[in-house]
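Below is one structure; the comments refer to it alone.
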Amino acid sequence: MTGNRGSLTVESVDPTKLDSTLVADVHDLLKVAIGGRDVETLESFKHSLVRTDKLVPLLLVAKKGNVLVGAMFGNYLTKLNAGMVIYAGVRSANRGNGFYGEMRHKLIKEFHAQSHAHAKKGVDFVISELADTSLLMEKYLHEWGAFVVDCEYLQPAVQGLHENVLNLVIQPVSIGRIEIELNMENILSEIYREVYRVDRLDRDDQFQSMIQSLTLSEVSG
170 MTGNRGSLTV
180 ESVDPTKLDS
190 TLVADVHDLL
200 KVAIGGRDVE
210 TLESFKHSLV
220 RTDKLVPLLL
230 VAKKGNVLVG
240 AMFGNYLTKL
250 NAGMVIYAGV
260 RSANRGNGFY
270 GEMRHKLIKE
280 FHAQSHAHAK
290 KGVDFVISEL
300 ADTSLLMEKY
310 LHEWGAFVVD
320 CEYLQPAVQG
330 LHENVLNLVI
340 QPVSIGRIEI
350 ELNMENILSE
360 IYREVYRVDR
370 LDRDDQFQSM
380 IQSLTLSEVS
390 G
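Here the working numbering = 1-based position in the sequence shown + 169.
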């Protein structure tokens, strides 16, 4: 699938058919665009591109001519019937032209395609992780109808990543916010288990701390 914006193109790439050079190029671009401490190691990224029965990796690349200028990577989570945006990066010279929104729109279409293949319907919701300082927060909340999950969300220190306090942001698509919130412990479990490949969640202090904060926010609310 390919889209055009002038001389810029966005196309989906089958992760199973990626050559090692493109994988390394995408990884390098993401490190430059996002920051090296916020991107997993190259070896872990290669692992993240492997499809399982619970997770379908999806990759979009943006090019200007033959030059790679952006990429967006996400997962379709089969158990949740949900998509999750993992990484998105555009080179600084190509920012500010709506390119992120175009890539995200196409990624959500890919989520829907996977949902129809697995669940015979559209995706229920889309998950993202955003820092407090993200310039995209207003767009997510006010243009795309997303909400911030009321918990102390932590990106775990795995896969070469540093522990990071982030906002877990969810955009309802086919189901409403209340139904999503009632399933939040399961959603957090799937993110940690399938995306971050964390074993034995019952013994993981970060995960248990998140669940406790979620429970407390529900009680206090």
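Each residue gets a CB set at the ideal place from its N, CA and C atoms; glycine is no exception.
Where DSSP assigns a beta bridge to residue i, which residues make up the other side?
i       : result
Ala-231 : Val-179 and Gly-239
Tyr-245 : Val-225 and Gly-252
Phe-316 : Ile-339
Val-259 : Gly-239
Gln-324 : Asn-333
If you draw a straight line from the alpha carbon of residue i to that of residue j, how long is it in whole angstroms?
i       : j       : result
Leu-199 : Gly-270 : 17 Å
Leu-376 : Ser-261 : Here the sequence assigns Phe to residue 376, which means Leu is not the residue at that position. The straight-line gap from Cα to Cα measures roughly 34 Å.
Thr-185 : Val-192 : 11 Å
Leu-227 : Lys-215 : 13 Å
Tyr-361 : Leu-218 : 16 Å
Ser-284 : Lys-290 : 6 Å
Val-195 : Val-236 : 11 Å
Leu-310 : Phe-316 : 6 Å
Asp-197 : Ala-300 : 21 Å
Glu-354 : Gly-234 : 44 Å
Val-334 : Met-306 : 15 Å
Thr-190 : Ala-288 : 34 Å
Identify, in the order they occur along the chain, each residue of the same chain with its Cβ nearer than 6 Å to the Cβ of residue i, setting aside the five sequence neighbours on each side.
i       : result
Arg-372 : none
Ser-297 : Val-254 and Val-338
Phe-242 : Leu-228, Ile-255 and Tyr-256
Asn-263 : Val-238
Val-208 : Leu-199 and Lys-200
Ile-344 : Asp-293
Asn-336 : Leu-299 and Val-317
Please go through the same chain and pick out, in chain order, the residues whose beta-carbon is closer than 7 Å to the beta-carbon of residue i, but skip the five residues on each side of it.
i       : result
Ile-203 : Tyr-256 and Gly-258
Thr-210 : Gln-328 and Gly-329
Glu-321 : Ser-378, Met-379 and Ser-382
Pro-341 : Phe-294, Gly-314 and Ile-349
Leu-370 : Ser-358, Tyr-361, Arg-362 and Phe-376
Please tell me whether, using a cut-off of 7 Å, the distance from the CB of residue i to the nearest non-hydrogen atom of the ligand ZN is below it.
i       : result
Gly-239 : The ligand ZN is not part of this structure, which contains no ligands at all.
Assuming contact is defined by CB atoms lying nearer than 8 Å, are residue i and residue j in contact in what I supplied?
i       : j       : result
Val-254 : Val-292 : no
Glu-350 : Lys-248 : no
Val-367 : Ile-339 : no
Leu-187 : Ala-231 : no
Phe-268 : Gly-239 : yes
Gln-324 : Glu-332 : yes
Under DSSP, the alpha helix (DSSP H) around residue i begins and ends at which residues?
i       : result
Val-192 : 189-203
Leu-351 : 346-351
Gly-270 : 268-288
Glu-212 : 211-217
Give every residue of the same chain whose Cβ lies closer than 8 Å to the Cβ of residue i, excluding the five residues on either side of it in the sequence, and list them in chain order.
i       : result
Leu-224 : Asn-244, Tyr-245, Leu-246, Thr-247, Glu-363 and Val-364
Met-170 : Interpretation of Met-170 is limited by its pLDDT of 48, a score under 50 that renders its predicted location unreliable; no figure is taken from the coordinates.
Which residue comes first and which comes last in the beta strand (DSSP E) that contains residue i?
i       : result
Glu-298 : 294-299
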